[in-house]
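The block underneath contains the structure these notes are about, expressed in structure tokens.
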Amino acid sequence: FGRGVAEGKGPLAAHLSAIAALLETEGDLPCGVVVMAEGEALVGSPSLPAALAAAGAVRAADACLATGGERDTEDRPFCYTGAKGLLQLRLHVDGANQALPPGLAASVANPLWQLLWALGQIKSDQEEVLIEGFYDDVEGPSRTENQSMRLLQMDEETRKRAWQLP
27 FGRGVAEGKG
37 PLAAHLSAIA
47 ALLETEGDLP
57 CGVVVMAEGE
67 ALVGSPSLPA
77 ALAAAGAVRA
87 ADACLATGGE
97 RDTEDRPFCY
107 TGAKGLLQLR
117 LHVDGANQAL
127 PPGLAASVAN
137 PLWQLLWALG
147 QIKSDQEEVL
157 IEGFYDDVEG
167 PSRTENQSMR
177 LLQMDEETRK
187 RAWQLP
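Each residue of the sequence shown is one higher than the one before, starting from 27 at the first, in my numbering.
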């Protein structure tokens with residue numbers, strides 16, 4: 027029993043086992059390999075920037091392999107061509123220092139509405155992030171990657187059934 031086995035520890039063990047098997051059978055690896063295991067994702071990876079700064083080999087790598095344990099409805103492992111990070115925001119709005127009577131409350135800005143309006147500026151109803159510059163460094167998939175993903179993709183109805191979506 028172990029927490030995070032499907033998402034982190036299991037795939038890491040599989041990668042390390044594959045490297046060990048190649049070394050045992052071939053005597054060497056066909057390319058340079060850098061293994062970086064990071065376990066602070068749920069708390070925003072506070073140590074990651076310093077680790078990356080100290081690990082020039084990671085920054086110079088030609089490719090990155092990151093896997094999880096998820097599978098589709100036909101029990102095929104998900105294949106990712108990129109990774110996303112975690113964005114944390116802390117919003118603070120000031121309001122009246124006491125409950126106001128209904129007659130006066132309408133003449134003062136309501137902090138709850140201000141928070142809702144602020145949240146509405148982060149993403150559109152089409153799931154597009156509206157923060158200026160957010161997509162500046164994002165690289166889209168290549169034509170070959172898009173073609174490969176289409177071959178593996180579930181159709182819309184299968185996905186809705188699998189995830190119990192309306």
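Even glycine gets a Cβ: it sits at the ideal position worked out from N, Cα and C.
Pair within 8 Å by beta-carbon distance, LEU156 and SER150: Yes; because the gap between Cβ atoms is below 8 Å, this pair is in contact.
Continuous alpha helix (DSSP H) stretch holding TRP143: start and end: In the DSSP assignment, TRP143 falls within the alpha helix (DSSP H) that extends over 137–146.
Inter-residue CB distance, MET62 and ALA86 (contact presumed, cutoff 8 Å): About 13 Å separates the two Cβ atoms, so there is no contact after all.
Contact check, ARG102 vs LEU178, beta carbons under 8 Å: Yes, they are a contact pair.
LEU74 and GLU66 closer than 8 Å at C-beta: Taking a C-beta distance under 8 Å as the contact criterion, LEU74 and GLU66 qualify as a contact pair.
Where ARG97 falls: helix, strand or coil (DSSP): Looking at ARG97 - three-state DSSP - the assignment turns out to be strand.
Closest residue to HIS41 among THR184, CYS90, SER174 and VAL119 (Cα-Cα distance): Comparing Cα-Cα distances from HIS41 to each of THR184, CYS90, SER174 and VAL119, the minimum goes to CYS90.
Neighbour-count burial assignment, GLY34, 16 or more Cβ in a 10 Å radius: With 16 or more other Cβ atoms inside 10 Å of its own Cβ, GLY34 counts as buried.
Beta-carbon proximity check, ASP120 vs PRO137, cutoff 8 Å: Contact: yes.
Nearest-angstrom beta carbon gap, LEU117 and ALA144 [assumed within contact, 8 Å]: By a beta-carbon distance limit of 8 Å, ALA144 contacts LEU117. Their separation comes to about 6 Å.
Residue interval of the alpha helix (DSSP H) (run including HIS118): No alpha helix (DSSP H) contains HIS118, which DSSP labels as neither H nor E.
Proximity below 8 Å, CB of LEU38 to CB of LEU48: Between LEU38 and LEU48, the C-beta gap is not smaller than 8 Å, which leaves the two residues out of contact.
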